[in-house]
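Working notes for the structure below.
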Amino acid sequence: MYSGAAAAAGPPRRDFISVTLGPEEAVGVGGYNNSKAWRRRSCWRKWKQLSRLQRSVILFLFAFLAVCGVISYTSMGEAWKSITNKSLDEQRTEQEIPGLKLANPAVLPAPQKADANHGDYPELSLQKPPKLPHVRRGPSNLQIRAPWRDMRLKTRHDTIRAVEELVEADKVEKTEKSIISWRGAVIEPDQSTELPSSKIKEPEKPSPVETEDQKEPVPINERQLAVIEAFRHAWKGYKDFAWGHDELKPLSKSYSEWFGLGLTLIDALDTMWILGLKEEFEEARKWVANDLVFDKNVDVNLFESTIRILGGLLSTYHLSGDSLFLEKAKDIGNRLMPAFKTPSKIPYSDVNIGRGTAHPPRWTSDSTVAEVTSIQLEFRELSRLTGDEKFQKAVDEVMKHVHTLSGKNDGLVPMFINTNSGQFTHLGVYTLGARADSYYEYLLKQWIQGGKKENELLEDYMRAIEGVKKHLLQRSEPKKLTFVGELAHGHFSAKMDHLVCFLPGTLALGAHNGLAADHMKLAEALIETCYQMYAQVETGLSPEIVHFNLHGQKGHKDVEIKPADRHNLLRPETVESLFYMYRFTGDKKYQDWGWEILQNFNRYTRVPTGGYTSINNVQNPSNPEPRDKMESFFLGETLKYMFLLFSDDIDLINLDKYIFNTEAHPLPIWVPA
5 MYSGAAAAAG PPRRDFISVT LGPEEAVGVG GYNNSKAWRR RSCWRKWKQL
55 SRLQRSVILF LFAFLAVCGV ISYTSMGEAW KSITNKSLDE QRTEQEIPGL
105 KLANPAVLPA PQKADANHGD YPELSLQKPP KLPHVRRGPS NLQIRAPWRD
155 MRLKTRHDTI RAVEELVEAD KVEKTEKSII SWRGAVIEPD QSTELPSSKI
205 KEPEKPSPVE TEDQKEPVPI NERQLAVIEA FRHAWKGYKD FAWGHDELKP
255 LSKSYSEWFG LGLTLIDALD TMWILGLKEE FEEARKWVAN DLVFDKNVDV
305 NLFESTIRIL GGLLSTYHLS GDSLFLEKAK DIGNRLMPAF KTPSKIPYSD
355 VNIGRGTAHP PRWTSDSTVA EVTSIQLEFR ELSRLTGDEK FQKAVDEVMK
405 HVHTLSGKND GLVPMFINTN SGQFTHLGVY TLGARADSYY EYLLKQWIQG
455 GKKENELLED YMRAIEGVKK HLLQRSEPKK LTFVGELAHG HFSAKMDHLV
505 CFLPGTLALG AHNGLAADHM KLAEALIETC YQMYAQVETG LSPEIVHFNL
555 HGQKGHKDVE IKPADRHNLL RPETVESLFY MYRFTGDKKY QDWGWEILQN
605 FNRYTRVPTG GYTSINNVQN PSNPEPRDKM ESFFLGETLK YMFLLFSDDI
655 DLINLDKYIF NTEAHPLPIW VPA
């Protein structure tokens, strides 16, 4: 509103504002043009307009996100890397072996060479035998190095939880794809077993037991206590009458020598450790430290000294962690190496461990197939522990050579092999008893020991089992027991050694490690037969050899025993298989059968002054005719398997962590360092 004075002063005045535009802001040239320079200046102005507190908060958030990103990348990198490598391995495998898809290449890698001439095995659906529930049990004074258990990560950070979910999802995916078809055989890989490094490892010492991983002390059950009492009774006889010697003669209260190396004592070392007999173990350790000397002019059998002495020392080293036993194992291992100095690399049967010479038996240049192919677990482990590859190289050459030989019958091998020519001899005779038995056992166990990657071993094992089913299996009358006979030049014999009773346990072990389900069914049938070899005999103890009736006759049992075969040597094979069967099925009848056998050992073979004796006549309960000899394997194998059979603790020598040699000495399954 204007005043009257202002109106009278004249016409109204106009105000102007002058704006000068720089050349860069002129119309058509300047203004907002979205250039990078303009945006940088604009952002910088906005940044400068923020308070110091606001700028600090933004900088902190950026730094926090950067740190989280680095942690997430580091944690998830290995998981993504393994997934990528898995895909690449599967692609390479499918290129090498058309039609073969591996669900877990780390457990069962493709063979380097695919032999198109090999026949396929019948494809069978797989049903993995159930496992016992995990029960933490064991003797309170038992200090076996506890197997590693799966550990779940517990953290509050969302990033780590996300990684756990990723790993868990990967486990589910592997479980859904667990069945592998390998050369026609259905195999389910054991997810917990990893491949060992192909390189020989440096000497290692068993790691100490983690505090959180130790076994909780629990009482021993009554049957295990009975085994401990039996062992102490046997040990008393050995200590009183045969200390430091090979074997006890309990009736004459004396001893017998074979190699003069304290076989019974060394064989029993790991048994004492497993049974928790610390006082007896320490006393035996002192003898090993002070009196066990291998530098002596004596011939030893390569096979027997390997499985009993080398195997026993290696096993005791792993259980106790005491380097004394490893040093002794290296000593005997080196002294046995001259046996491999033959034209064919098939080792001689005998070695003089003092002179460093070796030779075949005086009457032949042959070695038995079982002996030259059942020393591998021990020498391979010695190489792994010492870093010296010569031990493993020597025994691996034997297996590779036998793999290529002709003279097999659907995977079954003859009993003898010549150390000069390297060829099988005495062709046409096939058995799973003496002179051939542990060849088949060690095919499977080497494959497991080495992480399930040596497919030639698995191939030979699978072929052999098919050969057994095709040529050696029959059923008896009247109970139709399934048994394994022998084949001699095309003629079947219904003869079965007690030694063959290792087979049910081996078949069950293979099924547990993913082999065909019908292996477990066959194991169940055969262990019934082995039990009947005891149950149908007057003393309840099996003879060394039985013959089965193939034709039903009134008043006749399935089992017949010839006078020359009716002795019992306190052998472990049936108890061994009972242990495997109970461990994998949880069926209590196997424990009950073992308990019957132990009671009959006590009834007919126990010597009051100490020790147990083999007997000559299992058919005469009133006079079983004692032979006055306690074999070292009674303490090293029979009583050890008894104790394990009666235990419900699957971690008392966990069969996913250890493999037993043929003398019942547990050795670790290889995993990468």
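Using our numbering, you'd call the opening residue of the sequence shown number 5 and step up by one each time.
We put the CB at the ideal spot given by N, CA and C, even for glycine.
None of the values given here were measured: they were computed from a predicted structure.
Here I311 is not near E635, since their CB atoms are 7 Å or more apart.
In this structure, the alpha-carbon of K349 lies about 8 Å from that of N424. Judged by their CB atoms, T372 and R439 are nearer to each other than the 7 Å cut-off.
Taking 7 Å as the cut-off, the Cβ atoms of F583 and Y645 count as close.
When beta bridges are read from the DSSP output, L671 appears opposite I663. If only complete runs of 4 or more residues are kept, the region 479 to 558 shows the alpha helix (DSSP H) at 507 to 516 and 521 to 539, in order along the chain. Boundaries of the beta strand (DSSP E) around T372: D370 to T372.
About 5 Å separates the beta carbon of T578 from that of C534, a gap short enough to meet the 8 Å contact definition.
Taken atom to atom, the span from the alpha-carbon of L656 to that of S369 is near 43 Å.
Y259: member of the beta strand (DSSP E) spanning S258 to S260, first to last residue. For D392, the three-state secondary structure derived from DSSP is coil. DSSP, read as helix, strand or coil, puts E385 in helix.
Here E490 is buried. Its C-beta has 16 or more other C-beta atoms within 10 Å. Taking 7 Å as the cut-off, the Cβ atoms of I469 and N517 do not count as close.
Between S309 and D274, the C-beta spacing is not below 7 Å. Within the model, the alpha-carbon separation for G315 versus R388 is close to 14 Å.
Distance from the Cα of F428 is smallest, within the candidate group D632, S410, E445 and A498, for S410. C-alpha of G241 to C-alpha of R631: approximately 15 Å in a straight line.
The C-alpha of K449 lies about 12 Å from the C-alpha of D660. DSSP places T361 inside the beta strand (DSSP E), whose first and last residues are T361 to H363. With respect to F329, E375 sits apart: the two C-beta atoms are not nearer than 7 Å. DSSP, reduced to helix, strand and coil, places V71 within a helical segment of the structure shown.
In the three-state DSSP reduction, R570 falls in the coil class, being neither helix nor strand.
In chain order, A527, L530, I531 and S581 place their CB closer than 6 Å to the CB of P508, counting only its own chain and leaving out the 5 sequence neighbours on each side. Excluding the 5 residues flanking it on each side, E481 has same chain C-beta neighbours closer than 7 Å at N553, L554, H555, G556 and D562, in chain order.
Counting every other CB atom within 10 Å of its CB across the protein chains shown gives D441 a total of 16 or more, marking it as buried.
Residue environment analysis places I75 among the exposed positions, since fewer than 16 neighbouring C-beta atoms fall within 10 angstroms of its C-beta. For V304, the uninterrupted beta strand (DSSP E) segment begins and ends at D303 to N305.
For E287, no pairing in a beta bridge is given by DSSP. With at least 16 other beta carbons inside 10 angstroms of its own, K499 counts as buried.
In the structure shown, D250 falls within a coil segment according to DSSP collapsed to helix, strand and coil. Bridge pairing for L477: V488 [DSSP]. Selection L447, Y434 and Y321 evaluated against H407 yields L447 as nearest (Cα-Cα).
Assignment of D354 by DSSP, reduced to helix, strand and coil, places it in the strand class. The continuous beta strand (DSSP E) containing F420 extends over residues F420 to N422. Three or more Cβ pairs closer than 8 Å define a contact, and the region 231 to 251 meets that threshold against the region 607 to 614.
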